[in-house]
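Since the structure comes first, as structure tokens, the remarks are kept for the end.
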Amino acid sequence: MATTMPAQVPSGYSTTDTYFASRFKQGGRVVYNLDLSLLQITSLIVRPDPERPVESNRAIRAKHAKDFADYFRTQTRWVIPSLILRAPAPFKFEVLHEVAGSKFGVLEIARSAARDVNILDGQHRILGFFIAAADIVADLDKSREALQKAERNDPGGAASRYIRDDIALLEEQYARLDSERAAIQIYIEEDPVAYRQMFFDISDNALGITASVRSRFDSRKVVNRALPMVLESPLLASRIEMELDRINRKSENFLSAKNVAEIIKNVTVGLNGRVSRRQDQELEERHVADRAKAFFDDLTEAFPRCAQCSWDSCSPENCARQACLGLRGSFEFLPGSTTSSFSLTCMAGAANRWSTTSGSSHRMFPATAPRLSRLDLDGPHGGGVIPRWSSRPVGKEAGSSGSS
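Residue 257 in the numbering used here is what sits at position 257 of the sequence shown, and the numbering runs on without skipping anything.
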């Protein structure tokens with residue numbers, strides 16, 4: 001009996017893949033613009049290797065790639081810019097429509113082209129997709145094995161239900177790798193000198209983001225969510241550098257947004273504390289902001305020059321130089337709780353008379369080096385004001401972990 005071959009060869013036997021794409025020119029080079037699923041990206045490009053950096057790109061930091069993988073897995077509202085790739089020769093492209101210099105059509109890429117497609121920008125994100133896919137598969141294997149054990153011990157029990165929920169979440173994460181897409185730009189350039197220059201131009205023209213800007217826009221962190229409310233404090237209003245992390249001595253700004261965010265963090269969890277991901281989700285930004293604003297209110301009361309600054313009768317430069325330990329950065333130290341600060345020196349109580357004498361600050365805070373090793377703590381204000389300020393209550397929660 002004769003068999004009839006299908007009119008179309010099954011796609012698994014094809015040596016090429018086709019995609020809808022656009023083609024245009026930029027800087028004299030041919031550029032293809034398309035979108036791929038995240039799993040398609042991992043099949044088109046050779047996995048970046050942190051142990052084998054390429055000469056046309058910077059060294060890969062494995063932790064940064066792993067952090068991006070975790071970001072993708074935990075944030076369903078994730079976002080990335082276009083990934084920029086390079087190939088040495090043009091691909092086959094069938095033009096379907098042309099308008100204003102852009103050609104729209106079907107791009108054909110050989111499956112063997114992975115060896116020729118290289119990364120210009122986005123190697124940590126691409127490696128992150130590889131890591132995410134591998135980690136999800138590994139976690140699924142562990143969860144399915146755990147489910148079998150749970151079913152043997154207690155069929156349909158609480159442990160089984162918990163593991164099934166975990167498996168459902170992992171399967172959803174893996175499905176996103178296949179259903180969600182990223183924009184891809186492929187530049188055609190075969191000259192090694194030219195594509196190294198392309199990498200430099202991309203990196204050099206990227207403005208980057210300062211910690212001050214990050215603190216204003218990253219709403220996942222409770223400290224950053226509290227920041228706008230804290231900036232309403234009379235001492236800070238209209239006196240904050242919102243773009244740069246550092247401010248010079250002659251600046252009319254009192255602190256940078258980065259400094260204020262660090263102070264909020266110190267008020268919340270102490271000088272050496274860290275706000276966990278769980279705390280970011282559970283802490284109420286209003287309460288965090290209220291504690292930080294109480295610190296700035298007490299700071300204004302404790303340091304007369306700061307009060308004058310809040311009344312616009314003293315410049316931020318003079319306030320920092322004459323009243324507040326000589327450097328603006330010293331403010332980040334102060335909001336650690338009284339108990340926490342003194343515990344560094346095995347002192348759990350309030351400051352006593354010996355500690356309020358001139359020149360005693362270094363005896364009070366030896367364990368804070370090197371944080372305060374460059375600050376003028378023994379100046380006319382630091383030696384006496386710090387202990388007096390530390391010995392009094394802050395806000396309504398004297399002696400609590402958030403007091404200053």
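Where is the CB? At the ideal position from N, CA and C, for every residue including glycine.
Please read all numbers here as calculations on a predicted model, not as lab measurements.
| said: To the nearest angstrom, how far is the alpha carbon of methionine 198 from that of glycine 105? | reply: The straight-line gap separating the alpha-carbon atoms of methionine 198 and glycine 105 is approximately 26 Å.
| When DSSP labels each residue in this structure, what does lysine 25 get in the three-state scheme? | strand
| said: My output table needs one value for aspartate 218: the three-state DSSP class, helix, strand or coil. | reply: coil
| Environment of serine 215 [buried if 16+ CB atoms lie within 10 Å] | buried
| field | Which listed residue (Gly122, Lys63, Thr268 and Ser276) has its alpha carbon closest to that of isoleucine 186 | value | Gly122
| So what does isoleucine 184 bridge to, in DSSP terms? | Leu34 and Leu83
| query | Taking the C-alpha atoms as reference points, what is the distance between serine 276 and threonine 15? | reply | 48 Å
| Which residues share a DSSP beta bridge with histidine 97? | Phe104
| request: Please classify serine 56: is it buried, with 16 or more other beta-carbons within 10 angstroms of its beta-carbon, or exposed? | output: That one is buried.
| Where asparagine 57 falls: helix, strand or coil (DSSP) | coil
| said: My output table needs one value for lysine 250: the three-state DSSP class, helix, strand or coil. | reply: In the three-state reduction of the DSSP assignment, lysine 250 falls in the coil class.
| Own chain residues within Cβ distance below 8 Å of aspartate 154, not counting five before or after | Ser160
| field | Touching by the beta-carbon criterion (3+ pairs, under 8 Å), the region 227-247 and the region 47-62 | value | no
| said: So, at 8 Å on beta carbons, what are the nonlocal neighbours of arginine 61 in its own chain, with the 5 sequence-adjacent residues on each side left out? | reply: Pro50 and His124
| field | One or two residues paired with glutamate 241 in a DSSP bridge | value | Ser256
| request: Kindly indicate the opening and closing residues of the beta strand (DSSP E) around asparagine 272. | output: First-last for asparagine 272: undefined, no H or E at that position.
| If you count every other CB in all the chains shown that lies within 10 Å of the CB of tyrosine 13, and 16 or more means buried, which is it? | exposed
| request: Spell out whether any CB of chain C is found under 8 Å from the CB atom of methionine 229. | output: The displayed structure is made up of one protein chain only, and chain C is not part of it.
| request: Mind checking which residues open and close the alpha helix (DSSP H) that includes leucine 236? | output: No alpha helix (DSSP H) holds leucine 236; DSSP gives it neither H nor E.
| said: Out of Arg164, Ser238, Leu44 and Pro90, which one is the CA nearest neighbour of arginine 111? | reply: Leu44
| Roughly how many whole angstroms lie between the Cα atoms of threonine 300 and leucine 283? | 26 Å
| query | Whose CA, out of Arg164, Phe24, Asp245 and Leu170, lies closest to the CA of isoleucine 188? | reply | Phe24
| query | When you compare only the Cα positions, how much space is there between aspartate 280 and valine 137? | reply | Near 28 Å, if we compare the C-alpha coordinates of valine 137 and aspartate 280.
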